[in-house]
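> Quick one: the structure is below, questions incoming.
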Amino acid sequence: MISSQRKKRKEVSVQKIDLEFELNGVPVEADVEPRSLLAFFLRDHLGVKGIHVGCDTTNCGACTVLMDGKSVKSCTVLAARANGTKVTTVEGISSNGNLSALQESFARNHALQCGYCTPGFLMSSLYLLGKNPHPSEEEIRKGLAGNLCMCTGYLNIIKAVKEASSSNFGSEAGNRNNKNSGGS
Amino acid sequence: MYPAQFQYYTPKNIGEASELLRKHSGESKVLAGGMSLIPVLKLRLTRFEHIVDISGIKGLADISEEKGHIRIGALATHGEVEASGLIRKKAFLMSETASHIGDEQVRNMGTIGGGLCHADPSGDWGSALIAMRGTVQVSSSDGSREIRADDFFVDSFTPALGEDEILSSVTIPVYGERSSGTYAKLERRAGDFAVLGAAVQLKVDEQDVCKYVGIGLTSLGMTNIRSESAEKALIGKELTPESIADAAESSRDDMDPLDDAIRGSAEYKKEVGSEYVKRALLEAMNRLRGGTK
Ligand SMILES: Cc1cc2nc3c(=O)[nH]c(=O)nc-3n(C[C@H](O)[C@H](O)[C@H](O)COP(=O)(O)OP(=O)(O)OC[C@H]3O[C@@H](n4cnc5c(N)ncnc54)[C@H](O)[C@@H]3O)c2cc1C
Ligand code: FES
Ligand code: FES
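Sequence lines, in order, name chains A and B.
Per this note's numbering: the first sequence ends with 247, consecutive numbering throughout.
Per this note's numbering: the second sequence ends with 299, consecutive numbering throughout.
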């Protein structure tokens with residue numbers, strides 16, 4: 064892998080890839096460069112600012128979205144990969160301006176301070192609850208291990224997910240997941 | 007951060023993918039889950055002018071049982087391996103290894119084939135494959151061949167793959183009754199690469215005599231390696247805490263870890279490494295006795 068790194072750069076004509084996918088239930092058509100990353104494509108070209116880029120190195124999870132129902136770090140997924148998929152971002156989990164039960168629970172439990180990490184935590188929590196409607200604390204910790212928060216110390220986030228799950232949220236998460244992103 | 011420009015291909019089958027790799031020899035790379043490749047492309051640690059995305063190839067993610075073996079398609083994600091009931095029941099070591107890799111998002115994208123082909127000595131899959139004496143199937147437009155776990159890891163980040171070859175599946179034997187396996191991994195924080203790790207697979211007879219033992223080590227050599235000394239020390243012996251401690255002690259002879267400013271000195275890794283071999287063997291023994299895998 065390393066061997067070709069010192070090779071002199073040849074000019075490569077820029078290819079365009081046609082994309083068709085569903086973003087929060089709405090069909091989208093666009094063309095992208097091969098190297099375009101999903102996070103920046105959604106933020107900069109489609110204006111989906113709920114995608115936060117914290118580390119840009121696959122560590123913090125702030126850029127987490129659901130692709131065909133599965134949580135992925137969109138800073139490390141080629142935009143081209145979204146072709147034919149259903150993508151759900153934090154914008155897609157509330158309806159008509161009403162927060163989802165999970166978001167309400169985050170607010171009630173002070174599970175955010177600056178809020179930078181929050182969209183990512185919400186998407187990871189949603190994925191977790193869709194798979195496992197009543198996770199134990201340990202399962203919540205494991206499910207959220209790919210998301211970092213510099214402010215809250217995590218305890219309130221865990222509490223919020225726990226509370227959302229015990230209010231029979233799980234089935235709702237599952238449905239929402241299925242509805243918006245084709246299920247997993 | 008963006009990778010440097012590249013041409014992007016989505017071949018429909020392995021033959022097409024292999025042709026592309028051959029045509030652009032030296033300037034092309036396979037992309038599977040991207041969880042190793044995309045970060046290095048973004049950091050510009052490397053660049054390729056042609057990226058061959060195999061993720062759309064159909065049928066390469068299946069997990070099935072055939073004649074005493076389990077076959078896992080190269081594109082099966084870590085998460086799919088972890089969630090597979092078949093694997094949990096018949097090859098628990100593989101499911102446990104999967105659950106230790108990265109975090110949920112990484113497990114949703116990263117593939118077993120990619121993990122093996124990346125051939126990072128701190129990758130987890132190689133150790134499990136070595137412990138289970140698994141094989142990988144690789145294909146090019148010229149045909150297919152099989153490579154044993156022991157022969158697959160040539161050097162750090164160097165698998166035994168030709169330039170136009172693609173790993174299509176992984177097969178592991180089913181060890182059946184009175185067998186169990188486990189993966190003991192030391193990490194600095196949740197979801198991190200291993201400081202070190204030990205994968206073990208055991209099988210005993212009615213008298214608790216060790217009929218099969220496989221031990222694969224993570225981050226304790228230039229590649230994932232087998233601890234032959236520990237295996238030799240245990241095979242044919244009755245499984246007891248003492249025989250396990252002896253075997254673990256001899257596992258040091260096989261370790262040749264790198265000194266590492268972040269994850270510890272070579273001496274530290276050998277010390278803790280043999281302890282992890284012991285813990286993994288003890289855990290596997292306890293599972294045998296407890297009747298779980
Ligand atoms: C935050 C984070 C944490 C991680 N933690 C761990 C960890 O704890 N343990 C661990 O083992 N790994 C870890 N990884 C790496 C992860 O497991 C990767 O998924 C894996 O190493 C590569 O699989 P991939 O499918 O993503 O492959 P890619 O990144 O797409 O490819 C990796 C390499 O393999 C080659 N390749 C891929 N598939 C094939 C194939 N079928 N045939 C031939 N060549 C192929 C590619 O050309 C490339 O060289 C981590 C990654 C991240 C981002
Ligand atoms: S911005 Fe993608 S993981 Fe941090
Ligand atoms: S609330 Fe500030 S980083 Fe999490």
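C-beta: ideal position from N, C-alpha, C; glycine also.
Nothing here was measured: the structure is a model prediction, and the numbers come from that model.
Is it buried or exposed, A/S244, if we count other Cβ atoms within 10 angstroms and call 16 or more buried?
Numbered from 1 along the first sequence, position 181 holds the residue referred to as residue 244 of chain A. Unreliable positioning characterises A/S244 in this predicted model, as indicated by a pLDDT of 39, which lies under 50. A coordinate reading is not provided.
> If we define contact as Cβ-Cβ less than 8 Å, is B/E110 a contact residue for chain A?
Within the second sequence, residue 110 of chain B is the residue found at index 104, counting from 1. B/E110 counts as touching chain A.
> For B/G182 and B/K96, what's the separation of their Cα atoms in angstroms?
Along the second sequence, one-based indexing puts residue 182 of chain B at 176. Along the second sequence, one-based indexing puts residue 96 of chain B at 90. Rounded to whole angstroms, B/G182 to B/K96 spans 7 Å at the Cα level.
> Just grab the DSSP bridge partners of B/L245 for me.
Numbered from its first residue, the second sequence carries residue 245 of chain B at position 239. According to DSSP, which records beta bridges pairwise, B/L245 is partnered with nothing at all.
> Comparing the C-beta of A/T215 with each C-beta of chain B, is any distance below 8 Å?
Your numbering for residue 215 of chain A matches position 152 in the first sequence. Judged by the 8 Å Cβ criterion, A/T215 is not in contact with chain B.
> What residues in the region 87 to 119 of chain A have a beta carbon less than 9 Å from any beta carbon of chain B?
E96, P97, R98, S99, L100, F103 and D119
> State yes or no: is the C-beta of B/I69 within less than 8 Å of the C-beta of B/E86?
By 1-based counting over the second sequence, the position of residue 69 of chain B is 63. By 1-based counting over the second sequence, the position of residue 86 of chain B is 80. Against a cut-off of 8 Å, the Cβ pair of B/E86 and B/I69 comes out as a contact.
> Please tell me whether A/T121 has its Cβ less than 8 Å away from any Cβ of chain B.
Taking the first sequence and counting its residues from 1, one reaches residue 121 of chain A at position 58. It does: the Cβ of A/T121 has a partner Cβ on chain B nearer than 8 Å.
> Going along chain A, which residues have a C-beta under 8 Å from B/P17?
Numbered from its first residue, the second sequence carries residue 17 of chain B at position 11. Chain A residues near B/P17: none, gap ~14 Å exceeds 8 Å.
> Consider the Cβ of A/Q176: report whether some Cβ of chain B lies at a distance smaller than 8 Å.
Indexing the first sequence from 1 puts residue 176 of chain A at position 113. No, its Cβ sits nowhere closer than 8 Å to a Cβ of chain B.
> Note down, in chain order, every chain B residue with its Cβ under 7 Å from the Cβ of A/I80.
As a working note, residue 80 of chain A is residue 17 in the first sequence. The contacting residues are Y14.
> Measure the Cβ-Cβ separation of B/V219 and B/G270 and say whether it is below 8 Å.
The residue given as residue 219 of chain B occupies position 213 in the second sequence. The residue given as residue 270 of chain B occupies position 264 in the second sequence. No. Outside cutoff.
> Tell me where the alpha helix (DSSP H) around B/L122 begins and ends.
Along the second sequence, one-based indexing puts residue 122 of chain B at 116. Residues I118 to H124.
> Considering only heavy atoms of ligand 2, list every residue whose Cβ is less than 6 Å from one of them, following chain order.
A/V116, A/G117, A/C118, A/D119, A/T121, A/N122, A/C123, A/G124, A/A125, A/C126, A/K136 and A/C138
> Please determine whether the Cβ atom of A/G178 lies at a distance below 7 Å from any heavy atom of ligand 3.
Locating residue 178 of chain A in the first sequence gives position 115, where the first residue counts as 1. A/G178 Cβ: within cutoff of ligand 3.
> Just to confirm, is the Cβ distance from B/R151 to B/V144 under 8 Å?
Here residue 151 of chain B corresponds to residue number 145 of the second sequence, with the count starting at 1. Here residue 144 of chain B corresponds to residue number 138 of the second sequence, with the count starting at 1. For B/R151 and B/V144, yes; Cβs fall inside 8 Å.
> List the endpoints of the continuous alpha helix (DSSP H) containing B/M100.
Sequence index remark: in the second sequence, residue 100 of chain B carries index 94 (1-based). Its alpha helix (DSSP H) spans residues F98 to S105.
> Roughly how many whole angstroms lie between the Cα atoms of A/S230 and A/H197?
Here residue 230 of chain A is taken as the residue at index 167 of the first sequence, counted from 1. Here residue 197 of chain A is taken as the residue at index 134 of the first sequence, counted from 1. Annotation: A/S230 to A/H197 spans about 10 Å, alpha carbon to alpha carbon.
> Check the C-beta distance from B/G279 over to B/A204 and give it rounded, since I have them as a contact under 8 Å.
Along the second sequence, read from residue 1 onward, the residue named residue 279 of chain B stands at position 273. Along the second sequence, read from residue 1 onward, the residue named residue 204 of chain B stands at position 198. So it is a contact: roughly 7 Å between Cβ atoms.
> Identify every run of the alpha helix (DSSP H) within the region 42 to 109 of chain B, keeping only runs that are complete inside it and at least 4 residues long; order them along the chain.
43 to 48, 84 to 89, 91 to 96 and 98 to 105
> How many Å lie between A/E226 and B/L51 at the Cα?
Locating residue 226 of chain A in the first sequence gives position 163, counting from the first residue. Locating residue 51 of chain B in the second sequence gives position 45, counting from the first residue. Whole-angstrom Cα-Cα distance: 44 Å.
> Distance, Cα to Cα, B/G168 vs B/I231?
Position 162 of the second sequence holds residue 168 of chain B. Position 225 of the second sequence holds residue 231 of chain B. Rounded to the nearest angstrom, the two C-alpha atoms are 21 Å apart.
> Check the Cβ of A/S134 against every Cβ in chain B and list those closer than 8 Å, keeping chain order.
Counting from 1 along the first sequence, the entry for residue 134 of chain A is found at position 71. By Cβ distance, chain B contributes E110, Q111 and N114.
> For A/L175, tell me which candidate among A/A223, A/K149 and A/I203 has the shortest Cα-Cα distance.
Sequence index remark: in the first sequence, residue 175 of chain A carries index 112 (1-based). Out of A/A223, A/K149 and A/I203, A/A223 has the C-alpha closest to the C-alpha of A/L175.
> Quick one, which of A/I114, A/L82 and A/V95 has its alpha-carbon nearest A/S187's?
The residue labelled residue 187 of chain A in the question sits at position 124 within the first sequence. Considering only alpha carbons, the answer is A/I114.
> Quickly, what does DSSP pair B/S150 with across the bridge? List them, please.
Against the second sequence, residue 150 of chain B aligns to sequence position 144. Residue pairing by DSSP places B/S150 opposite B/S145 in a beta bridge.
> Quick check on the DSSP output: the alpha helix (DSSP H) that includes A/T127 runs from which residue to which?
Within the first sequence, numbered from 1, the residue matching residue 127 of chain A stands at position 64. No alpha helix (DSSP H) contains A/T127, which is instead part of the beta strand (DSSP E) from T127 to M130.
> Let me confirm a value: A/K242 is counted as buried when at least 16 other C-beta atoms fall within 10 Å, else exposed. Which label applies?
As a working mapping, residue 242 of chain A is identified with position 179 in the first sequence. Below a pLDDT of 50, predicted positions are generally treated as unreliable, and A/K242, at 42, falls in that range; the measurement from the model is reported next regardless. It is exposed - the Cβ of A/K242 has fewer than 16 other Cβ atoms within 10 Å.
> Within the structure, which residues are defined as neighbours of ligand 1 by a Cβ-heavy atom distance below 5 Å, reported in chain order?
A/T121, B/K35, B/V36, B/L37, B/A38, B/G39, B/G40, B/M41, B/S42, B/L43, B/A80, B/I107, B/G108, B/V112, B/G116, B/T117, B/G119, B/G120, B/G121, B/C123, B/H124, B/G129, B/D130, B/I172, B/L173 and B/F199
> Which of the residues in the region 140 to 158 of chain A, read from start to end, lie with their CB under 8 Å from any CB of chain B?
V140, L141, A143 and R144
> Find the residues of chain A that neighbour B/P165, judging by a C-beta separation of less than 8 Å, and give them in chain order.
The sequence position of residue 165 of chain B within the second sequence is 159, counting from 1. Think of a sphere of 8 Å around the beta carbon of B/P165: no beta carbon from chain A falls inside it, the nearest being about 11 Å out.
> Check whether the Cβ of A/E235 lies closer than 8 Å to any Cβ atom in chain B.
Counting from one through the first sequence, the residue named residue 235 of chain A turns up at place 172. Interpretation of A/E235 is limited by its pLDDT of 47, a score under 50 that renders its predicted location unreliable; no figure is taken from the coordinates.
> With a CB to CB cut of under 7 Å and the five nearest residues on each side skipped, what residues in its chain are close to B/V210?
Within the second sequence, residue 210 of chain B is the residue found at index 204, counting from 1. Apart from sequence neighbours up to five positions away, the residues of its chain that approach B/V210 with a beta-carbon distance below 7 Å are R184, C216, K217, L245 and L294, ordered along the chain.
> Within 10 angstroms of the Cβ of B/E72, are there 16 or more other Cβ atoms? Answer buried if so, exposed if not.
Your numbering for residue 72 of chain B matches position 66 in the second sequence. Exposed.
> From what residue to what residue does the beta strand (DSSP E) around A/P97 run?
Start at 1 with the first residue of the first sequence, and residue 97 of chain A comes out as number 34. Here A/P97 belongs to no beta strand (DSSP E), and DSSP marks it neither H nor E.
> Any residues in the region 183 to 214 of chain B with a beta carbon nearer than 8 Å to a beta carbon of chain A? Which ones, in chain order?
Residues of the region 183 to 214 of chain B with a C-beta atom less than 8 Å from some C-beta of chain A are A196 and G197, listed in chain order.
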